[in-house]
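>
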Amino acid sequence: MYSSLQFLPASLAKLTLQYSHIRQDPMAVLEQLPNLKLLRFVDSYSGSKLACSAGGFSKLETLQFHFLYSLDEWQIEKDATPSLNRVDIVKIPQLKLIPEGSKLVTTLRRRNVIRLSNSLERRLIIDEKGIGGEDFYKVRHIASISISQETVNLIW
Numbered sequence: 000m001y002s003s004l005q006f007l008p009a010s011l012a013k014l015t016l017q018y019s020h021i022r023q024d025p026m027a028v029l030e031q032l033p034n035l036k037l038l039r040f041v042d043s044y045s046g047s048k049l050a051c052s053a054g055g056f057s058k059l060e061t062l063q064f065h066f067l068y069s070l071d072e073w074q075i076e077k078d079a080t081p082s083l084n085r086v087d088i089v090k091i092p093q094l095k096l097i098p099e100g101s102k103l104v105t106t107l108r109r110r111n112v113i114r115l116s117n118s119l120e121r122r123l124i125i126d127e128k129g130i131g132g133e134d135f136y137k138v139r140h141i142a143s144i145s146i147s148q149e150t151v152n153l154i155w
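Mapping the sequence shown onto numbering that gives the first Met the number 0, position 67 (from 1) lands on 66, and the numbers just tick up by one.
1) Which same chain residues, not among the five before or five after Glu-35, have their C-beta less than 8 Å away from its C-beta?
2) Buried or exposed for Lys-137, please, with buried defined as at least 16 other CB atoms from any protein chain shown within 10 angstroms of its CB.
3) On the CB-based measure, 16 or more other CB atoms within 10 Å of its CB, does Arg-22 come out buried or exposed?
4) So the candidates are Glu-72, Thr-61 and Ser-145; which of them puts its Cα closest to the Cα of Leu-96?
5) So what does DSSP say about Ala-50, is it helix, strand or coil?
6) Which partner residues of Gln-5 appear in the DSSP bridge assignment?
7) Buried or exposed: Asp-134, going by 16 or more other Cβ atoms within 10 Å of its Cβ?
8) Spatial neighbours of Ile-88 within its chain, please: CB distance less than 6 Å, with the 5 preceding and 5 following residues excluded, ordered by chain position.
9) Among the residues of its own chain, which have a CB less than 8 Å from the CB of Asp-126, if the five just before and after it don't count?
10) Can you grab the Cα-Cα spacing for the pair Gly-208 / Leu-83, in whole Å?
11) Using the rule of at least 16 other Cβ atoms within 10 Å of the residue's Cβ for burial, across every protein chain shown, is Ile-91 buried or exposed?
12) Use the C-beta contact count for Ala-79: other C-beta atoms within 10 angstroms, 16 or more gives buried, fewer gives exposed.
13) Return yes when the Cβ of His-20 is within less than 8 Å of the Cβ of Ser-45, no when it is not.
14) Under DSSP, the alpha helix (DSSP H) around Ser-143 begins and ends at which residues?
15) Taking the beta strand (DSSP E) that Glu-127 belongs to, which residues open and close that run?
Here's what the structure looks like:
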């Protein structure tokens, strides 16, 4: 499956990878697609780390991760995803941290986070005393953050 990603057309604007269970990080290939605006993973990656490289995903506006049960690390390098304005993270229970590079993505306006681990959720939210969690500084520039423990019905 991973090797077939190398043959995707450069004109591709939207891509959903669903139930493919790719083991190798596909971002190095996908971030080179010059017209990709929406990238959605739905129970499609079984590796533990994804990385967005500097200069990659030049037109990506929406990135959605759904049901990636093995993902525990996501990295965003400086100058990656310069057009990103929405990220959805749904049921990624092993994810330990929000990427440090999130604070560098100044175009990010909306982040939906559903069913995180309790420890990661605590790192993001502002407590009753008005103090942000350890990772709040990474997301404080985002205009709309929605954190929920609700179940999700995926409708495309």
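Each residue gets a CB set at the ideal place from its N, CA and C atoms; glycine is no exception.
Judging by the given coordinates:
1) Position 36 of the sequence shown, counted from the first residue, corresponds to residue 35. The identity of residue 35 in the sequence shown is Leu, whereas the question assumes Glu. Excluding residues within five positions, the ones whose Cβ falls inside 8 Å are Leu-11, Ala-12, Lys-13, Leu-14, Leu-29, Phe-56, Lys-58 and Leu-59.
2) Mapped onto the sequence shown, residue 137 falls at position 138. With 16 or more Cβ atoms within 10 Å of its Cβ, Lys-137 is classed as buried.
3) Along the sequence shown, read from residue 1 onward, the residue named residue 22 stands at position 23. Label assigned to Arg-22: exposed.
4) What you label residue 96 is simply residue 97 of the sequence shown in a count that begins at 1. Checked all of Glu-72, Thr-61 and Ser-145; the closest Cα to Leu-96 is Glu-72.
5) As a working mapping, residue 50 is identified with position 51 in the sequence shown. Strand, per DSSP.
6) Position 6 of the sequence shown, counted from the start, is the residue given in the question as residue 5. Bridge partners of Gln-5: none, in fact.
7) Sequence index remark: in the sequence shown, residue 134 carries index 135 (1-based). So Asp-134 ends up on the buried side.
8) As a first step, residue 88 is located in the sequence shown; it is residue number 89 there, counting from the start. So the qualifying residues of the chain are Phe-64 and Val-112.
9) As a first step, residue 126 is located in the sequence shown; it is residue number 127 there, counting from the start. For Asp-126, where only same-chain residues beyond five positions count, the Cβ hits under 8 Å are Gly-132.
10) What is shown of the chain runs 0 to 155, which leaves residue 208 out entirely.
11) Stepping through the sequence shown from its first residue, residue 91 is reached at position 92. Looking at its Cβ environment, which holds 16 or more other Cβ atoms inside 10 Å, Ile-91 is buried.
12) Sequence index remark: in the sequence shown, residue 79 carries index 80 (1-based). Burial call: buried.
13) One-based indexing of the sequence shown puts residue 45 at position 46. One-based indexing of the sequence shown puts residue 20 at position 21. In contact: Ser-45 and His-20 (Cβ atoms closer than 8 Å).
14) Residue numbering aside, residue 143 sits at position 144 when the sequence shown is read from its first letter. Per DSSP, Ser-143 belongs to no alpha helix (DSSP H); it is in the beta strand (DSSP E), 143-147.
15) Within the sequence shown, numbered from 1, the residue matching residue 127 stands at position 128. From DSSP, Glu-127 is part of no beta strand (DSSP E); its letter is neither H nor E.
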